[in-house]
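Here the structure comes first, spelled out in structure tokens, and everything after it is commentary.
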Amino acid sequence: MSTAADAAQLSPVAPAATEPLHRRASRGALQSIAGHAVGNLLRMASNLVLSRLLVPEDFGLMLLVNVFLQGLSMFSDIGIGPSVVRSKRGDERAFLDTAWTVQNLRGLLLWSLSFAAGAIAAWLYEEPRLLVLLPVAGLSALIAGLESTKLVNASRHLLIGRRTLLELAAQAASILAMVGWALVDRSVWALVFGALVYQSVKTIGSHVALPGPNNRHRLEREACRELFGFGRWLLVGTAITFFSMQIDRLLLGKLIPLDSLGVYGMAQQLAGLPIILVGALVGPIVFPVLSRAAREEPASFAYQADRVRRVLLPGAACLVLAIALLGPAFFRTLYDARYRDACWMVVLSVVPLWPIVLSQTADRALLVLGQTRVLALCSALALAGKSLGGIAGFHSYGIAGFLIGSTVGTFAFHVGVVIALRRAGIALLRQDVAWTLLVAGPAALSALLSHVLAPQLADPMLTALEGAIALVVLVPLGLIAWRRLRTRGATA
6 MSTAADAAQL SPVAPAATEP LHRRASRGAL QSIAGHAVGN LLRMASNLVL SRLLVPEDFG
66 LMLLVNVFLQ GLSMFSDIGI GPSVVRSKRG DERAFLDTAW TVQNLRGLLL WSLSFAAGAI
126 AAWLYEEPRL LVLLPVAGLS ALIAGLESTK LVNASRHLLI GRRTLLELAA QAASILAMVG
186 WALVDRSVWA LVFGALVYQS VKTIGSHVAL PGPNNRHRLE REACRELFGF GRWLLVGTAI
246 TFFSMQIDRL LLGKLIPLDS LGVYGMAQQL AGLPIILVGA LVGPIVFPVL SRAAREEPAS
306 FAYQADRVRR VLLPGAACLV LAIALLGPAF FRTLYDARYR DACWMVVLSV VPLWPIVLSQ
366 TADRALLVLG QTRVLALCSA LALAGKSLGG IAGFHSYGIA GFLIGSTVGT FAFHVGVVIA
426 LRRAGIALLR QDVAWTLLVA GPAALSALLS HVLAPQLADP MLTALEGAIA LVVLVPLGLI
486 AWRRLRTRGA TA
């Protein structure tokens, strides 16, 4: 049990966060977007270099490693970060130290389980290298478990700038490590080494580069009860979410060769940029803003949730259309012939991607309301729909059919979110229909160009045509998105 002194002892981060909420939210949003934009530019640049040093099979192998490590992580996710952000005790030393101690134990557990995961993966995919790759890469989970709670506390108070710089520094160090290793040894181990360097730099930086008291080991009964009480259904939900998000990689790893899986992974990295960038706002900005509204002004919660979504949707649509319209030209121009299939894969990936983006702009409201059970049920619907639709599509049309068929799952998840929020007094349907129609037209045009005109036009002419269409569509939509972010975001 904590003493009265412990309860009163708050993190020094909290008093520093006396600036008005809307100013911190607006500045934090811009910092988060800028940080993720720079981070993704670094990642794309590193992929370009590494694609010339490594073979597609290496990327396919690392994709399987990451899937299994993410699975271990999500199967043990009790929502420590969200618990700190939403809790009324999120600034108390006793609560933070307990969260950190639980996080340490979780990291040790994940690394231990990576040995078993390596054996299972090696047997399942008939790839002996996974037996060693997974436990070594699993060290990143052990290192991540040592991250300071200063990272989460910075998000709680919307102090995003220093955290963003830390993550960029870790990413830059990781890229240098991967390229340096690949120049000496052109193997998948370059990618594993880069992952370990990234997590090491981030963890060390979380202790020395962020303000706040250092953590110490402590287990307070009340804090444990709150952490595990909030995370019970979140644990179930994230476990199901893992399968619903990664079932494509798990299934395709058995259905297609590793080199094709590597190309698919490259296409998915680019297609996933909208999810990453929207997540850059939803996680560190939107979730704390809605959490504070729920704690301090419950009557305004529905209004704030709707307002936040109106700010996010134009930018989200712009990002998705940018991938659909410019993705093929990106791979056609910058990658060699081994990655040519990524041109059409990235366009078709937009179809199941769009319902995910719609959900991203809304489902944090359910998490703030504590409806983790609803999110778990939605994830179960997504898993069933994505599995059945993807397999049926693959047997009919290969990878293209798999991508289209998996939309059943992502759409089912979003329908569940819409229904749950409607019961909470937040209506999404009208917004969803309007923005879906706006995205569908240009995306369909991009698919037409990729599948019908591509064989008949020279690459430079096709790229110029795609660029012209993108200019007409994205410039006005981008201006709308920027205006809403600056004006409505500043007064939210």
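Position 472 of the sequence shown, counted from 1, bears residue number 477 in the numbering used here, the numbering being contiguous throughout.
Think of the CB as a built atom: it goes at the ideal place given N, C-alpha and C, for glycine as much as any other residue.
Original post:
Leu467: buried (16+ other C-beta within 10 angstroms of its C-beta) or exposed?
Top reply: By the 16-neighbour rule on beta-carbons within 10 angstroms, Leu467 is buried.
Subject >> From Leu454, Leu382 and Met271, residue whose alpha carbon lies closest to that of Leu53 >> reply: Leu53 has its Cα closest to that of Met271, out of Leu454, Leu382 and Met271.
**OP:** Rank Gly143, Leu58 and Ala175 by C-alpha distance to the C-alpha of Ser119 and give the top, closest one.
**Re:** The option with the nearest alpha carbon to Ser119 is Gly143.
Original post:
Can you list, in chain order, the residues of its chain whose CB lies under 6 Å from that of Val268, leaving out five sequence neighbours each side?
Top reply: By the criterion of a C-beta distance shorter than 6 Å, Val268 is surrounded in its chain by Pro61, Tyr344, Asp346 and Ala347, once the five residues flanking it on both sides are discounted.
Original post:
Three-state secondary structure (DSSP) at Glu132?
Top reply: Coil, per DSSP.
Original post:
For Glu62, which of helix, strand or coil comes out of DSSP?
Top reply: Helix.
**OP:** Determine, using beta-carbon pairs with one atom in the region 272 to 282 and one in the region 306 to 325, whether at least three such pairs fall under 8 Å.
**Re:** Cβ pair count under 8 Å is three or more, so yes.
Subject >> Distance, Lys155 Cα to Pro216 Cα >> reply: Taking the straight line joining both Cα atoms gives about 7 Å.
Original post:
Would DSSP call Glu97 helix, strand or coil?
Top reply: DSSP places Glu97 in the strand class (E or B) of the three-state scheme.
Subject >> Three-way DSSP call (helix, strand, coil) for Ala21 in this model >> reply: Residue placement at Ala21 is flagged as unreliable, the pLDDT there being 45, under the threshold of 50; a coordinate-derived value is accordingly withheld.
**OP:** Give the secondary structure of Gly494 by DSSP, where H, G and I count as helix, E and B as strand, and everything else as coil.
**Re:** Residue placement at Gly494 cannot be trusted, given a pLDDT of 48 that sits under 50; what the coordinates show is reported in the next sentence. If DSSP states are grouped into helix, strand and coil, Gly494 belongs with the helices.
**OP:** With Tyr344 as the anchor, note down where its alpha helix (DSSP H) starts and where it stops.
**Re:** Going by DSSP, Tyr344 is part of no alpha helix (DSSP H) at all; its letter is neither H nor E.
Original post:
How is Pro360 classed by DSSP in three states: helix, strand or coil?
Top reply: Helix, per DSSP.
Original post:
So what does DSSP say about Pro460, is it helix, strand or coil?
Top reply: In the three-state reduction of the DSSP assignment, Pro460 falls in the coil class, being assigned neither a helical nor a strand state.
**OP:** Mind checking which residues open and close the alpha helix (DSSP H) that includes Glu301?
**Re:** Going by DSSP, Glu301 is part of the alpha helix (DSSP H) stretching over Phe292 to Glu301.
Subject >> Residues near Ala298 in its chain [Cβ-Cβ closer than 7 Å; skip 5 each side] >> reply: If we look at Ala298 and ignore the five residues flanking it on each side, its Cβ neighbours are Ser305, Phe306 and Gln309.
Subject >> Cβ-based burial, Ser7 [other Cβ within 10 Å; buried from 16] >> reply: Per-residue confidence for Ser7 stands at a pLDDT of 42, beneath the threshold of 50, marking its modelled position as unreliable; no derived number is given.
Original post:
How many whole angstroms separate the CB atoms of Ile209 and Leu275, which I take to be in contact at a CB cut-off of 8 Å?
Top reply: Cβ atoms of Ile209 and Leu275 stay farther apart than 8 Å, at about 30 Å.
**OP:** Within the same chain, show all residues whose beta-carbon is closer than 7 Å to that of Ile485, passing over the 5 residues directly before and after it, in chain order.
**Re:** Exclusion of the five residues before and after Ile485 leaves Pro319 as the residues of its chain whose Cβ lies within less than 7 Å of its Cβ.
Original post:
Is the beta carbon of Gly150 sitting closer than 8 Å to the one on Leu139?
Top reply: The Cβ atoms of Gly150 and Leu139 lie no closer than 8 Å to each other.
**OP:** Work out the CA separation of Gln251 and Phe73 for me, nearest whole Å.
**Re:** Between Phe73 and Gln251, the C-alpha separation is close to 9 Å.
Original post:
Can you list, in chain order, the stretches of the alpha helix (DSSP H) that have 4 or more residues and sit fully within the region 161 to 203?
Top reply: Scanning the region 161 to 203 from its first residue to its last, the whole alpha helix (DSSP H) runs of 4-plus residues come out as 166 to 189.
Original post:
Does DSSP put Thr208 in a helix, in a strand, or in coil?
Top reply: Helix.
Original post:
What's the call for Gln376, buried or exposed, on a 16-neighbour Cβ count within 10 Å?
Top reply: Buried: at least 16 other Cβ atoms inside 10 Å.
**OP:** Look at the Cβ atom of Pro447, then the Cβ atom of Leu330, and state whether they are nearer than 8 Å.
**Re:** Yes.
Original post:
Roughly how many angstroms separate the alpha carbons of Gln204 and Tyr340, rounded to a whole number?
Top reply: The alpha-carbon atoms of Gln204 and Tyr340 are separated by roughly 28 Å.
Original post:
Exposed or buried, which one is Gly258 when buried takes at least 16 other CB atoms within 10 Å?
Top reply: Label assigned to Gly258: buried.
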